[in-house]
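Residue numbers (my numbering), protein chains in the order written: chain R, 1 to 181; chain P, 1001 to 1181.
Number of protein chains: 2
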Amino acid sequence: MKVRYTDGQEAILQRTNLGNMQCPIARSLERVGEWWSILIMRDAFYGLTRFDEFQQSLQIAPNILTRRLNALVEGGLLERHQYSTRPPRYEYRLTDRGRDFRPVTQALLAWGNRHFAPEGTSVVLTNTETGDLAEPVLVDRKSGRELSDPVFRLAPGPAADERTKRRLAEIRRQAALPDKR
Amino acid sequence: MKVRYTDGQEAILQRTNLGNMQCPIARSLERVGEWWSILIMRDAFYGLTRFDEFQQSLQIAPNILTRRLNALVEGGLLERHQYSTRPPRYEYRLTDRGRDFRPVTQALLAWGNRHFAPEGTSVVLTNTETGDLAEPVLVDRKSGRELSDPVFRLAPGPAADERTKRRLAEIRRQAALPDKR
């Protein structure tokens, strides 16, 4: 775990390596499980690409921004391109992997607006053709059904190891116990 | 920022208070912007409710699990219920706010399966009626259009303050610059 101290220094603290878990959620968090990274991705989806644009938007220390941007480049979510040689200047563009992360930030946006905007919403997603507010909902592309429908269940995939299979079976068993709601 | 040291101790490090930002994504991260919290929520969606179930699934130190569960109760995502008096035992049930967080973990699941499963998927979401793999996609409930469609744009909501309005306007201006892709 990379932590930032009040003086702006960062340090690595040992922790469970989420990337070794077979769970796709854990592996995803390994790549962007950090607030600043998610907010940088948010700004990249807004269309920001340059260091000073991110810096102005996020108001964070340049050395921290540099590290977070480098981590996102290393994780394959952003690509670094030189757009000026004199002076040397770089911009950070979304990769396909980075673009695919957008539903996560949009789901966070919807959840935040629903639960943490006691004074009313400040940032909304609108349909520019109709002027309507968008209401994000996660569905299955094929059937069109909402993923919250109990017809959808987690199952082991082709690469599941014994531990993952046991874990999913155990979870199914416990969730079905009669003394649980 | 709460950090966990290698000896299992936790400490609070000062950082920007995301909850003060008007951005709904930043505010959401303030509540669950921590790996363990998101993995606890994942397990709660699987149907786990009891301390020892979470502990067995996550393999984390009991004192850390206690703190993360308490933070989720405090944040209004889980509710604590006593299910046994002798011995006293509690379970943690999802609230409406907690249940509404599910699309975030499902979006992470889809992203992780797509990008971080080089050996094939280990955990998948399936349609139990058809046996098909679910393909999660975020759409607007009203129009049915995918939220990745450029017709959807961020805009200031009714409670946006001047700073948020300026920020969104500036972002729109920069994203439209001709020298950007």
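Glycine included, C-beta positions come from ideal geometry on N, C-alpha and C.
Asked	Found
For Gln22(R) versus Ala169(R), is the C-beta spacing smaller than 8 angstroms?	no
Determine, for Glu10(R), whether the minimum Cβ-Cβ distance to residues of chain P falls below 8 angstroms.	Below a pLDDT of 50, predicted positions are generally treated as unreliable, and Glu10(R), at 48, falls in that range; no measurement from the model is reported.
Got a sec: which bits of the stretch 56-68 of chain R sit with their beta carbon under 9 angstroms from any beta carbon on chain P, in order along the chain?	Gln56, Ser57, Leu58, Gln59, Ile60
Using a Cβ cut-off of 9 angstroms, pull out every chain R residue sitting near Asp1100(P), in sequence order please.	Ala110, Trp111, Arg114, His115
Between Arg1153(P) and Thr126(R), how many whole angstroms is the CB-CB distance? I'm expecting something under 8 angstroms.	6 angstroms
Using a Cβ cut-off of 7 angstroms, pull out every chain R residue sitting near Asp1132(P), in sequence order please.	Lys142
Considering only residues of the same chain and omitting the five flanking positions on each side of Arg1114(P), which have a CB-CB separation below 8 angstroms?	none
Under the three-state reduction of DSSP, which class applies to Asp140(R): helix, strand or coil?	strand
Would Val1032(P) pass as a contact of Ile1038(P) if the rule is Cβ separation under 8 angstroms?	yes
Counting only Cβ pairs nearer than 9 angstroms, list the residues of chain R close to Ile1171(P).	Asp43, Tyr46, Gly47, Leu48, Glu53, Ser57
Return the chain-ordered list of same chain residues with a C-beta closer than 6 angstroms to the C-beta of Gln1009(P), the five sequence neighbours on each side being excluded.	At Gln1009(P) the pLDDT is 46, less than 50, meaning the model places this residue with poor confidence; the figure from the coordinates comes in the next sentence. Nothing meets the Cβ criterion.
With a Cβ-Cβ cutoff of 8 angstroms, do Thr1095(P) and Leu1069(P) count as a contact?	no
Nearest to Ser1143(P) by alpha carbon, out of Pro156(R), Gly131(R), Ser28(R)?	Gly131(R)
Hey, does Glu119(R) have any beta-carbon neighbour from chain P nearer than 8 angstroms?	yes
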